[in-house]
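Student:
Residue numbers (this note's numbering): 66 to 605.
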């Protein structure tokens, strides 16, 4: 009998999880896109258009930004979605013989449904530095939301997409939509629901998305084969009567074709190992390492910087990839040199334990704990977890209350003046002004404060409200309007009790080595560093 990732059995949590063929697809494609736009950023406009014309885009970000949590700085968050669907963009089925014989992913295009078996949030710092990426386990039991932000109920996070799409189907049909138009509208609703659910769960805004289906992973792997991966042990997972992934790899470096690449990221047997490497989590670590290998492969083959090779790769990706229509890929290439250069660390969010809900095995999570971990990983050490959602049903994990309805404005034109009333060692208005400038604000006047408030204050003039709220969030205070503050200006007065922002001064271990922001945080297994081992990190 073929594997069925869309079915949940009662013993699932206590045995290796079912394969998720698309679990890594979104990550691989988005990293490939990052490299593609980096390569394209130096070409003239018509060449750039040749690379991007024909790519499917979605307008979901404009709506989901309206009630998103606020950014604490000018960083960028990119959500990568791997859709476990055996269907084409127009809703037609992939050939069953191809699904079974080439993808080894069952025998029917109905398997997997519209589960988002891959959800990974990339956090690109405002002032450069290593990109932090967190994988969200697909079976985390959370409050799910529809495309409009209304609660759909507690469920596995992977199910938000399909549930919202199904919920809206009758209404879309009533409007006369059918065929490819119906499929496109339904998927947009599923994407919006996934964005809102992730934003609520992690208390993080999402600026951009990249989504790919199962076929997309196969096509990209085929275009880039062979791809090198590294294992710490020999392993086999025979494909017998539809069972297993067909994995047969040896310890050390293995060179994979497209079919073997799928086996590598889908293997479900013989994965119990050290450091929490069991079931879905072992596969997640493999998939994170696979992304690193793809980046390494692109560099080694000279794809980066070669317009002809980039056009060929983009031609493969266009039919399977969806990005949001607010994503200016040229600007993004300049914003995210560390992403396109492979300077990424992957971590997998942990959970409280296994449980059974509605007959399904799930991961039990406490959103407030997860939110705190994510904020610390992203460098917001002083940020408090969001309060519980008062509308959540009794006994359900807490979710955050809705955020303000206005998205943060660009901070570039706003000038921030900093005045210091603190006498703490190392605290100066000039250094704090530089720190704010590093977050994208324009550096203004500095000096000693004329007043001596105990708590840091933030005031703003006309046109600077949104920027002031971002600045105030850094200090954990509320910004207030002031007629004495010039237009397009924010004034920060560091209080007498201010000793610095913890996120600006991470403690270094003995010997002066830089601190890993995830070192002391609860994660599921070890981090996968995309630059380790020359770009091909070894995993279990």
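Built from N, CA and C at the ideal position, the CB exists for glycine as well.
#1: Quick check on the burial criterion: 16 or more other C-beta atoms within 10 angstroms. Buried or exposed for residue 188?
#2: Here's the rule: buried if 16 or more other CB atoms are within 10 angstroms of the residue's CB, otherwise exposed. What is residue 129?
#3: Taking the runs of the beta strand (DSSP E) that are 3 residues or longer, which of them lie wholly in the segment 173–257?
#4: Which of the three DSSP states is assigned to residue 493 in this structure?
#5: Since residue 508 is in the beta strand (DSSP E), which residue starts that stretch and which ends it?
#6: Label residue 575 either buried or exposed according to how many other C-beta atoms from any shown protein chain fall within 10 Å of its C-beta, with 16 as the threshold for buried.
#7: Please classify residue 334: does DSSP put it in a helix, a strand, or coil?
#8: Please specify which runs of the alpha helix (DSSP H), each continuous and at least 4 residues long, are wholly inside the segment 517–553, giving them in chain order.
#9: Which residues does DSSP pair with residue 152 in a beta bridge?
#10: What number of angstroms, rounded off, separates the C-alpha of residue 434 from the C-alpha of residue 240?
#11: Given a cut-off of 7 Å, decide if residue 534 and residue 544 are closer than it, judged by their beta-carbon atoms.
#12: Just list the residues that DSSP pairs residue 312 with in beta bridges.
#13: Could you give the first and the last residue of the continuous alpha helix (DSSP H) run that contains residue 441?
#14: Can you look up residue 293 in the DSSP assignment and give me helix, strand or coil?
#15: When you compare only the Cα positions, how much space is there between residue 485 and residue 560?
#16: For a test of the three-state rule: what should DSSP assign to residue 327, helix, strand or coil?
#17: With DSSP collapsed to three states, give me the class of residue 140.
#18: Note down, in chain order, each residue of its chain lying with its Cβ closer than 6 Å to the Cβ of residue 449, except the 5 sequence neighbours on either side.
#19: Are the beta-carbon atoms of residue 521 and residue 494 separated by less than 7 Å?
#20: Near residue 586, what residues of its chain come up, given a Cβ to Cβ distance below 7 Å and the 5 sequence neighbours on each side ignored?
#21: Distance check for residue 273 and residue 106, CA to CA, integer angstroms please.
#22: Select from 145, 206 and 121 the residue whose C-alpha is nearest the C-alpha of residue 420.
#23: Have a look at the DSSP bridge pairing and note the partners of residue 124.
#24: Going by C-alpha to C-alpha distance, which of 135, 120, 492 and 208 sits closest to residue 536?
Tutor: To lay it out plainly:
#1: To locate residue 188, count along the chain shown from 1; it is residue 123. Flag for residue 188 reads buried.
#2: Residue mapping note: residue 129 aligns to position 64 of the chain shown, counting from 1. Counting Cβ neighbours within 10 Å, residue 129 comes out buried, since at least 16 surround it.
#3: Listed in chain order, the beta strand (DSSP E) runs fully inside the segment 173–257 are 180–189, 196–200, 205–210 and 216–221, counting runs of at least 3 residues.
#4: Taking the first residue of the chain shown as 1, we reach residue 493 at position 428. Here residue 493 sits in coil by DSSP.
#5: Taking the first residue of the chain shown as position 1, residue 508 is located at position 443. For residue 508, the enclosing beta strand (DSSP E) has its first and last residue at 507–513.
#6: Residue 575 sits at position 510 when you count from the first residue of the chain shown. Only weak support is given to the placement of residue 575: the predicted model assigns it a pLDDT of 43, under 50, and the value that follows is read from those uncertain coordinates. Exposed.
#7: Along the chain shown, one-based indexing puts residue 334 at 269. Looking at residue 334 - three-state DSSP - the assignment turns out to be coil, as it is neither helix nor strand.
#8: 530–540
#9: Here residue 152 corresponds to residue number 87 of the chain shown, with the count starting at 1. 158.
#10: Within the chain shown, residue 434 is the residue found at index 369, counting from 1. Within the chain shown, residue 240 is the residue found at index 175, counting from 1. Using only the alpha carbons, I get a separation of about 42 Å.
#11: The residue labelled residue 544 in the question sits at position 479 within the chain shown. The residue labelled residue 534 in the question sits at position 469 within the chain shown. Taking 7 Å as the Cβ cut-off, residue 544 and residue 534 qualify as a contacting pair.
#12: Locating residue 312 in the chain shown gives position 247, counting from the first residue. DSSP output for residue 312 lists 302 as bridge partner(s).
#13: For the purposes of this step, residue 441 is taken as the residue at position 376 of the chain shown. Element bounds for residue 441: 432–442.
#14: As a working mapping, residue 293 is identified with position 228 in the chain shown. Strand at residue 293.
#15: Locating residue 485 in the chain shown gives position 420, counting from the first residue. Locating residue 560 in the chain shown gives position 495, counting from the first residue. Roughly 7 Å between the two C-alpha positions.
#16: In the chain shown, the residue the question calls residue 327 occupies position 262. Residue 327: helix per DSSP, three-state reduction.
#17: As a first step, residue 140 is located in the chain shown; it is residue number 75 there, counting from the start. DSSP places residue 140 in coil when its eight states are reduced to three.
#18: Reading the chain shown from its first residue, position 384 is the one you call residue 449. Confidence is the limiting factor: at residue 449 the pLDDT is only 46, short of 50, which leaves the residue's position unreliable, though a coordinate-based value still follows. Cβ neighbours of residue 449 beyond the five flanking positions: none.
#19: In the chain shown, counting from the first residue as 1, residue 521 sits at position 456. In the chain shown, counting from the first residue as 1, residue 494 sits at position 429. No, they are not a contact pair.
#20: By one-based count along the chain shown, residue 586 stands at place 521. Only 438, 441 and 442 meet the Cβ criterion.
#21: Along the chain shown, read from residue 1 onward, the residue named residue 106 stands at position 41. Along the chain shown, read from residue 1 onward, the residue named residue 273 stands at position 208. Bear in mind that the predicted position of residue 106 carries a pLDDT of just 38, short of 50, making it too unreliable to give a figure here.
#22: Position 355 of the chain shown holds residue 420. It is 206.
#23: Position 59 of the chain shown, counted from the start, is the residue given in the question as residue 124. DSSP lists no beta-bridge partner residue for residue 124.
#24: Numbered from 1 along the chain shown, position 471 holds the residue referred to as residue 536. That would be 135, whose Cα lies nearest to the Cα of residue 536.
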